[in-house]
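Under my numbering, the first residue of the sequence shown is numbered 7, with each subsequent residue one higher.
Take a look at the structure below.
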Amino acid sequence: MRLDHRHVTCMQEKSRRLAFTGGSDMRPRLIVSLVLLGLILIIAVQNAETVELSFLVWHLSISRVLLIFITGGIGFLAGYLMARFQSATGGKA
7 MRLDHRHVTC
17 MQEKSRRLAF
27 TGGSDMRPRL
37 IVSLVLLGLI
47 LIIAVQNAET
57 VELSFLVWHL
67 SISRVLLIFI
77 TGGIGFLAGY
87 LMARFQSATG
97 GKA
């Protein structure tokens with residue numbers, strides 16, 4: 007099989023691009039990351055005020071955005087742990 011000059015040049019360029027980006031085309035991941043960062047910044051700016059949090063005998067003033075992210079993180083962690091538990095027991099909860 008004989009390769010022409012254009013094919014070799016194209017392969018060299020692709021090899022250079024993959025070496026520069028760490029082995030994969032990072033553009034879609036970068037775009038998604040920037041969009042998510044923008045959404046997080048919008049949420050943070052619009053929910054910057056503090057709220058009073060009361061639980062039993064504890065009272066706490068906390069930023070609303072921090073409360074949103076903490077409760078979201080707890081929910082994500084609970085879902086992740088439930089999925090791990092179900093896969094470890096063969097799908098029976």
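All C-beta atoms in this analysis are idealised placements derived from N, C-alpha and C, irrespective of residue type, glycine included.
Could you give the DSSP three-state label for residue i: helix, strand or coil?
i: V57; result: strand
i: L66; result: strand
i: G96; result: coil
i: M88; result: helix
Checking 8 angstroms against the spacing of the C-beta atoms, do residue i and residue j come in under that value?
i: L62; j: I68; result: no
i: R70; j: V51; result: no
i: N53; j: I74; result: yes
Contact criterion: CB-CB distance below 8 angstroms. Does residue i meet it with respect to chain B?
i: V51; result: Looking for chain B here will not work: only one protein chain is present.
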